[in-house]
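Asker:
Residue numbers (mature numbering (1 follows the signal peptide of the UniProt record, and there is no 0)): -16 to -1, 1 to 153.
What follows is the structure, encoded as structure tokens:
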């Protein structure tokens, strides 16, 4: 019985480290989200009507703004409202308010790799167990939980089986 408790605690800690939460200040009251029971495992997401690279995810009765990750130095993935994932721009035709492959291409990156405006998570140069949290051009070194690696496509700490790390660990 004691072994089962330790296993459950280990799984809970590992699961908590997989997803990096966004700033709570970016969350707003939302009628659809407030109808969900607190702690609901139902994932509710919807597109931001003003920016095709952003979407809202319900969390504790509020809608929290998320941004799709960059896939190269100037282009960002587009939110696909049908599949509810960040997707390649060519897979999401006719998204309103999405001119060109990246409506945010005018934003330049700082020399440290962070975008000058907004938030992002970027991979560490040499170690998959580390990543950088960016906020308005300032980056902060972070470390993934034990047994996890940073997945730059999802911008989260993830299981090694979900992201093949090619950097030294």
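Yeah, the Cβ is synthetic: ideal placement off N, Cα and C, and Gly gets one too.
Which whole runs of the alpha helix (DSSP H) in the region 12 to 46 are 4 residues long or more, in chain order?
Answerer: The qualifying runs are 15 to 18.
Asker: I'd like the list of long-range same chain contacts for residue 46, defined as Cβ closer than 7 Å, with 5 residues on each side in sequence excluded.
Answerer: Hits under 7 Å: 11, 12, 13, 14, 17.
Asker: Count the other CB atoms, across all protein chains shown, that sit within 10 Å of the CB of residue 38; report buried if there are 16 or more and exposed otherwise.
Answerer: With 16 or more other Cβ atoms within 10 Å, it is buried.
Asker: Cutting at 7 Å between CB atoms, please list the residues of its own chain near residue 72, excluding the five before and the five after it.
Answerer: Taken in chain order, the residues that qualify are 61.
Asker: Name the one or two DSSP bridge partners that residue 61 has.
Answerer: Looking at the DSSP assignment, residue 61 forms no beta bridge with any residue, so it has no partner.
Asker: How should residue 19 be labelled, buried or exposed, when 16 other C-beta atoms within 10 angstroms of its C-beta is the threshold for buried?
Answerer: Classification of residue 19: exposed, given that the 10 Å Cβ count is below 16.
Asker: Please state whether DSSP places residue 74 in a helix, a strand or coil.
Answerer: In this structure, residue 74 counts as helix in the three-state DSSP scheme.
Asker: When the Cα of residue 63 is compared with those of 55, 41, 31, which residue comes out closest?
Answerer: Ranking 55, 41, 31 by Cα distance to residue 63 puts 31 first.
Asker: For residue 54, which beta-bridge partners are listed by DSSP?
Answerer: In the DSSP output, where bridge partners are listed per residue, residue 54 has 60.
Asker: Using a Cβ-Cβ cut-off of 6 Å (strictly less than) and excluding sequence neighbours within five positions of residue 52, which residues of its own chain qualify?
Answerer: Closer than 6 Å at the Cβ level, and outside the excluded window around residue 52, lie 37, 60, 61, 63, 70.
Asker: How many angstroms separate the CA atom of residue 100 from the CA atom of residue 130?
Answerer: Looking at the two C-alpha atoms, the distance is approximately 30 Å.
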